[in-house]
Amino acid sequence: MTERIYFTCLSTLKWYCLKTLEIEEHKEDNCVIMSSCLPLEDGKVLVHGTLEFKPGTKNQFICLFSSGGKMIVKKDPNLGMSGLQMVNIATNVFYISGNRCEKFCLITNDLIRLENLNFTHIKGGSCRYNNTVLVVSGINCPEIEMLCMENYWIKISTLPTSLFEISCVQIGDEEILCINKKRTYRVNVETGACFGTANYSVDINIIPIMRGDYVYSINPVKQLIRYSLVSDKWENMSRGGCCFIF
């Protein structure tokens, strides 16, 4: 169980320790631009970005970062960079883009194409949900669907309205938290019931994590924040940060 929340900033991977609230970082050369990262169950981090070999020429990369500071190159997904989402289940990472999905094994390095999703989720959200993958909404797409054990997708429910540019995390047996740039939503996955809660600016490129009664994330100026599931408030945890925001 990770006690860190990770984020990227140009050539630097940074993280807050949730116990000490201190920030640490790992910096690569300026030719490396990290666009997103995925904390894994074993404590390592999968980093997605681009590498500029020469001016004007950029190649996509996926690297595995360990606590020792090593970056190990892994096989690239075939789905492109734009809108790529990543979900970790055990030793597998699922790459999702639009209505396409691939599964990458961290042990064997095998990358396989899975069956297409039933809907195209442009700028939607995704997260681990009861040991499988959940994909939520998107532009003009209110549907929620889930990956079954047989590696095909089933529709679970339909939201009353489409949510997009969101990050998601499971907060209950049938409930997830969906966070966009301005508002936070609590969603019942099984029924599609959805209601907006606290208004607060959050960086949607961060994968939020739940600890106890709180969901941790990062705001647009890279400060550590947390949302209380009890009081429905966001709190700035960084030094010099403000207090509760409704």
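Under my numbering, the first residue of the sequence shown is numbered 1, with each subsequent residue one higher.
The beta-carbon is built from N, C-alpha and C at its ideal position, and this holds for glycine as well.
query	result
Three-state secondary structure (DSSP) of Phe246	Caution is warranted here: a pLDDT of 37 is assigned to Phe246, below 50, making its placement in the model unreliable, and no coordinate value can be reported.
The region 72 to 84 touching the region 48 to 63, judged by at least three CB pairs closer than 8 Å	yes
Residue burial classification, Asn199 (beta-carbon count within 10 angstroms, cutoff 16)	exposed
Residue from Gln60, Leu21 and Cys168 whose Cα sits closest to the Cα of Gln223	Leu21
Segment limits, beta strand (DSSP E) that includes Ile154	Trp153 to Thr158
Residue nearest to Gly232 in terms of C-alpha spacing, selected from Val221, Tyr185 and Asn180	Just to set this straight, residue 232 is Asp in the shown sequence, not Gly. Closest by alpha carbon: Tyr185.
Per-residue DSSP class, three states only, for Ser11	coil
Boundaries of the beta strand (DSSP E) in which Lys74 is found, first to last residue	Met71 to Lys74
DSSP-derived helix/strand/coil call for Cys148	coil
Reduced DSSP category for Asn59 - H, G, I as helix; E, B as strand; rest coil	strand
Identity of the residue in Ser217, Gly192 and Cys194 nearest Ile204 by Cα	Ser217
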